[in-house]
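Peer 1:
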Amino acid sequence: MSNTILQTHNLSKTFGPVTAVNQVNLQLHTGELFGFLGPNGAGKTTTIGMVLGLVSPSAGQVELFGQPVSPNQTRPLRRVGSLVGAPALLPYLSGRDNLRLLARLSDDVSDGRIAEVIERVGMSDAAYRKVSSYSTGMKQRIGLAAALLHRPDLIILDEPTNGLDPKGMREMRQLLRDLVADGVTIFLSSHLLYEVEQICDRVAVLNRGQIVAQGKVSDLLGQQKMTVKVGVTSPAQAQAALQSLAGVERLSANGRYLEVSGVSGEDIVRHLVQHDIYPGEVITQRVDLESLFLEMTESV
Ligand SMILES: Nc1ncnc2c1ncn2[C@@H]1O[C@H](COP(=O)(O)OP(=O)(O)OP(=O)(O)O)[C@@H](O)[C@H]1O
Ligand SMILES: [Mg+2]
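Taking my numbering, the leading residue of the sequence shown gets 528, the next gets one more, and so forth.
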């Protein structure tokens, strides 16, 4: 059985002279929480629009559950739930009544299922209150409940934490983790790195319509060269000594610190000691997803 739930093949979209999405190849595996990262205007919403059959691609294809999707072929979308932007809810109805209204669009959503999704998103206490009295976080929860009504296998969320306060964001993250534990696959777009870094198994980074990286967060970070900062009393002497260390890629002095990349802290210390130089401090600087992301999305 194939493990791929969603795949795009050279998916592209142009709006006049603007190439919003450029040859995007995404691959989502069953059961994962996949992060789709990119700065504003990168093309995330346009890509999602094509995946949901709302926007027709200029080139390339979307495949969901092994079947093609387009505005004319929406059958596989029956197994998908989505929340793109703020949910369209009627403010003068309760959360529950909004869900009942939306449930009429699907064939087989019972009142029991409505109660179940309300419970799932933690809105049982507020379900009978009017939506106009809800916080942004509560509206997002009802939006997510709506996406869950027809028991989708895949949920696509476009920036679901936009406008939420830190507590609301944390609750939404927990909710997404719980859903994945229930067996749902999640495609989550976000421009917030720390959000994605915390909860996603794999990520794709989009910049100006193109994928600049895709893979496990740990692998992406692992590919990056670490920088080692070495504190010495005589930087000029140490810098001269390190010229002869094999593997050094970058070497610069900053006050009494040397910044070295391409080699490990251990190799640097061993080499310096062999030259009778004893470093007082050795700091290995971890590259986090944020610096990696900035590097990938700025240098184009
Ligand atoms: N209907 C449209 N007509 C013309 N240009 C569009 C249209 N939709 C999107 N674009 C352009 O395509 C590019 C990608 O936009 P998109 O909304 O997909 O980015 P995004 O990654 O979702 O950004 P954000 O983080 O701001 O939501 C932008 O340059 C945008 O101006
Ligand atoms: Mg967007």
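Glycine residues also receive a C-beta, built at the ideal position from the N, C-alpha and C atoms.
1) Do L620 and K666 have their C-beta atoms closer together than 8 Å?
2) So for F592, helix, strand or coil by DSSP?
3) Looking at the unbroken alpha helix (DSSP H) that takes in I645, where does it start and where does it end?
4) Considering only heavy atoms of ligand 1 and the C-beta of each residue, which residues fall inside 6 Å, strictly closer?
5) Below 6 Å CB to CB, which residues in the same chain sit around A731 once its five sequence neighbours on both sides are set aside?
6) Look at the alpha carbon of S603 and the alpha carbon of G690, and state the distance between them as a whole number of angstroms.
7) Check each candidate in D680, E643, S761, K694 and name the one with the smallest Cα separation from G558.
8) Check whether the Cβ atoms of H798 and A768 lie closer than 8 Å to each other.
9) Give a single yes or no on whether E686 has its beta carbon closer than 7 Å to a heavy atom of ligand 2.
10) Decide if D685 is buried, meaning its Cβ has at least 16 other Cβ atoms within 10 Å, or exposed.
11) At a cut of 8 Å, does the region 581–595 reach the region 771–781 through at least three beta carbon pairs?
12) If you measure between the beta carbons of I713 and V578, is that distance less than 8 Å?
13) Would you mind sorting T531 into buried or exposed? The rule is 16 or more other CB atoms within 10 Å of its CB.
14) What is the rounded straight-line gap between the Cα of V711 and the Cα of L676?
15) Going by DSSP, what residues sit across from K756 in a beta bridge?
16) Pull up the distance between the alpha-carbon of G568 and that of R631, whole angstroms please.
17) Can you name, in chain order, every residue of its own chain whose Cβ lies under 8 Å from the Cβ of I804, other than the five neighbours on each side?
18) For L715, which option in Q812, S539, V589, G565 has the closest C-alpha, if you only look at C-alpha atoms?
19) Quick one: give me the first and last residue of the alpha helix (DSSP H) that I795 is part of.
20) Select from L785, K756, G736, G782 the residue whose C-alpha is nearest the C-alpha of T546.
21) Does DSSP put I532 in a helix, in a strand, or in coil?
22) Going by DSSP, which residues form a beta bridge with S621?
23) Taking the straight line between their C-alpha atoms, what separation do you get for T601 and A642?
24) For T811, does the count of other Cβ atoms within 10 angstroms reach 16, so buried, or fall short, so exposed?
25) Grab the span of the alpha helix (DSSP H) containing G664 for me, first residue to last.
26) Tell me which same chain residues have a C-beta within less than 7 Å of the C-beta of S651, skipping the five on either side of it?
27) So what does DSSP say about Q725, is it helix, strand or coil?
28) Whose C-alpha, out of A708, M696, L629, is nearest the C-alpha of A672?
Peer 2: With the structure as the only source:
1) No; because the gap between Cβ atoms is not below 8 Å, this pair is not in contact.
2) F592 falls in the coil class under three-state DSSP.
3) Counting along the chain, I645 sits inside the alpha helix (DSSP H) bounded by residues 638–647.
4) Those residues placing their Cβ nearer than 6 Å to any heavy atom of ligand 1 are, following chain order, F542, V545, A547, G565, N567, G568, A569, G570, K571, T572, T573, H718.
5) Closer than 6 Å at Cβ, skipping near neighbours: L553, F563, I738, Q741.
6) Here residue 603 turns out to be Pro, not Ser, going by the sequence shown. Approximately 31 Å, taken between the alpha carbons.
7) For G558, the closest of D680, E643, S761, K694 by C-alpha to C-alpha distance is D680.
8) A contact, by the Cβ cut-off of 8 Å.
9) Correct: E686 has its Cβ closer than 7 Å to ligand 2.
10) D685 comes out buried.
11) Short answer: they don't touch.
12) Contact: no.
13) Its Cβ having fewer than 16 others within 10 Å, T531 is exposed.
14) Using only the alpha carbons, I get a separation of about 13 Å.
15) As a beta-bridge residue in DSSP terms, K756 pairs with E786, I810.
16) About 35 Å.
17) Here I804 has V759, S761, Q764, A765, A768 as same chain residues with Cβ atoms under 8 Å from its own Cβ, once five neighbours each way along the sequence are excluded.
18) The option with the nearest alpha carbon to L715 is G565.
19) Per DSSP, I795 is one residue of the alpha helix (DSSP H) stretching across 792–801.
20) Of the residues L785, K756, G736, G782, the one whose Cα lies closest to the Cα of T546 is G736.
21) Note: I532 maps to strand in three-state DSSP.
22) Bridge partners of S621: K657.
23) Spanning the alpha carbons of T601 and A642 requires a straight line of approximately 28 Å.
24) It is exposed - the Cβ of T811 has fewer than 16 other Cβ atoms within 10 Å.
25) Judged by DSSP secondary structure, G664 falls within the alpha helix (DSSP H) whose first and last residues are 663–675.
26) Excluding residues within five positions, the ones whose Cβ falls inside 7 Å are I645.
27) Annotated three-state conformation of Q725 is helix, per DSSP.
28) It is L629.
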